[in-house]
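Structure first, then comments.
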Amino acid sequence: MAKQKSNGPTWLELKPHIVDMDHKQLTKLVADMYRFSKDNQVFLHTRFGIGKDRLAPYKKTIDECMHPDIYSNKPIQIAKAKKAISNYSKAVGDILGEAELMIFFVECGNNFTVSYGDMDEGFYDSLNGMYRRAIKKIFNFPEKQQREFRDRLKEIIISSSNIGWGYHDILNDDYYSTFPEEE
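Under our numbering, the first residue of the sequence shown is numbered 85, with each subsequent residue one higher.
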C-alpha cells in the first residue's frame, strides 16, 4: 500500500483559487506576500531582475553561513547556504549565477578553514560535493565563460594545500579528472 502524505493543503488544492482571481486580486496577493517576508522580497526581486546585483542577497547568506563571525558565536550553517543556491536557481534558473554561487560557497568555506583552522570531515565533504557540482556545471560552458570559473577553482586548490581530511587531494583529483589538459 502506498504511503499517503498528510502535510496539509497542496498546490492542486490552491490552484483553482488562484486561477479564479482577477488582475487586481492577484496584484494584492503578491503585494501581501511581498510584505510578509524578506525571502519573498528577495525571490521577487531576483525573478524580475530588480536591483543592481541579483546575486548579492544569496552571496550574503552564503557568506554568513559558511564564514560566520566566530566572535559572535554564530554557527556554520551548510544546509542554509545550500538552500540559498537552490532558492536562486528556483527564482531564475540562471546557470552562470548558479555556478558563481557554488564556487562562492566553496571559497567561503575554504577561507573559513584557512582563517580559523581545521574543521571536520562533514564540512569538507560538503565543500568537495559543491566543488564537484560546480565543475560539472561549468564543464559545459563555452571556453570563454569557463576561464574565469576555472581560474577560481584552481585558486581554491592552491589555497587548500595545507588543509587535512583529504580535502585538498579530492579537489585536485576532481579538477584534473575533468580538465586533464591542464595537468
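Yeah, the Cβ is synthetic: ideal placement off N, Cα and C, and Gly gets one too.
With distances taken Cα to Cα, identify the nearest neighbour of I219 among N256, S156 and M203. Here residue 219 corresponds to residue number 135 of the sequence shown, with the count starting at 1. Among N256, S156 and M203, the Cα nearest to that of I219 belongs to N256.
Which same chain residues, not among the five before or five after F184, have their C-beta less than 7 Å away from its C-beta? Counting from one through the sequence shown, the residue named residue 184 turns up at place 100. Sequence inspection shows Glu at residue 184; the Phe mentioned does not correspond to that position. So the qualifying residues of the chain are L139.
Less than 8 Å between the beta carbons of A175 and T111, yes or no? Residue 175 sits at position 91 when you count from the first residue of the sequence shown. Residue 111 sits at position 27 when you count from the first residue of the sequence shown. Pairing A175 with T111 gives a Cβ-Cβ distance that is not under 8 Å.
Quick check: M186 and R217, are their CB atoms within less than 8 Å of each other? What you label residue 186 is simply residue 102 of the sequence shown in a count that begins at 1. What you label residue 217 is simply residue 133 of the sequence shown in a count that begins at 1. Yes, these two residues count as a Cβ contact at 8 Å.
Leaving out five residues before and five after T197 in sequence, what residues of the same chain have Cβ atoms less than 7 Å from its Cβ? Locating residue 197 in the sequence shown gives position 113, counting from the first residue. Within the same chain, T197 has close Cβ partners M203 and I247.
Where the alpha helix (DSSP H) containing S341 begins and where it ends: What the structure shows of the chain is the stretch from 85 to 267, and residue 341 is not part of that stretch, so it cannot be assessed.
Between the CA atoms of R119 and F263 - distance to the nearest angstrom: Taking the first residue of the sequence shown as 1, we reach residue 263 at position 179. Taking the first residue of the sequence shown as 1, we reach residue 119 at position 35. Approximately 46 Å, taken between the alpha carbons.
For N224, count the other beta carbons within 10 Å of its own beta carbon; 16 or more makes it buried, fewer makes it exposed. Which is it? Numbered from its first residue, the sequence shown carries residue 224 at position 140. The residue is exposed, with fewer than 16 neighbouring Cβ atoms inside 10 Å.
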